[in-house]
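Numbering (UniProt numbering), first residue to last: 1 to 86.
A virtual CB, placed ideally from N, CA and C, is assigned to each residue, including glycine.
The structure presented is a predicted model; accordingly, all values stated were derived computationally and were not measured.
Inspection log for the structure reproduced underneath, given as structure tokens.
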Amino acid sequence: MLELQDLKQTRFYQEAFGDGIEQGIEQGIERGIEQGIEQGIERGINLQKLKTIPLLQDLGLTPQQISEHLDLTLETVLNYLAQQQQ
1 MLELQDLKQT
11 RFYQEAFGDG
21 IEQGIEQGIE
31 RGIEQGIEQG
41 IERGINLQKL
51 KTIPLLQDLG
61 LTPQQISEHL
71 DLTLETVLNY
81 LAQQQQ
């Protein structure tokens with residue numbers, strides 16, 4: 001009967017192990033790319049929301065109303081407005 005160490009020495013095992021590693025790497029890269037794209041889109045959306053804050057303020061909306069319309073926290077809106085005044 002083959003022992004584990006003997007099995008690891010066979011070409012079949014080594015090729016299967018190598019294929020498994022390749023598949024794992026490919027899946028990891030794909031997941032990383034997908035996550036990177038999602039994060040990039042999310043950042044772009046948030047940046048656009050921030051750029052919209054002054055426009056809504058010019059239309060007379062309060063920071064509370066802006067936060068509700070843009071689905072941002074009131075703190076985020078107030079911090080952005082404070083930074084724009086500096």
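{"Check": "Environment of Lys72 [buried if 16+ CB atoms lie within 10 Å]", "Outcome": "Note that residue 72 corresponds to Leu in the displayed sequence, not to Lys. So Leu72 ends up on the buried side."}
{"Check": "Residue span of the alpha helix (DSSP H) that contains Gln9, given as start and end", "Outcome": "Premise fails: Gln9 is in no alpha helix (DSSP H) and is neither H nor E."}
{"Check": "Inter-stretch contact at 8 angstroms, needing at least 3 Cβ pairs: the segment 42 to 51 / the segment 2 to 22", "Outcome": "no"}
{"Check": "Residue range of the alpha helix (DSSP H) that includes residue 104", "Outcome": "Nothing can be reported for residue 104: it is not among the residues displayed for the chain, which extend from 1 to 86."}
{"Check": "Delimiting residues of the alpha helix (DSSP H) encompassing Glu3", "Outcome": "Premise fails: Glu3 is in no alpha helix (DSSP H) and is neither H nor E."}
{"Check": "Beta-carbon contacts of Leu61 that lie in its chain and below 8 angstroms, excluding the five residues immediately before and after", "Outcome": "His69"}
{"Check": "Exposure of Ile66, with buried meaning 16 or more beta-carbon neighbours within 10 Å", "Outcome": "buried"}
{"Check": "Short Cβ contact (8 angstroms threshold) for Tyr80 with Ile53", "Outcome": "yes"}
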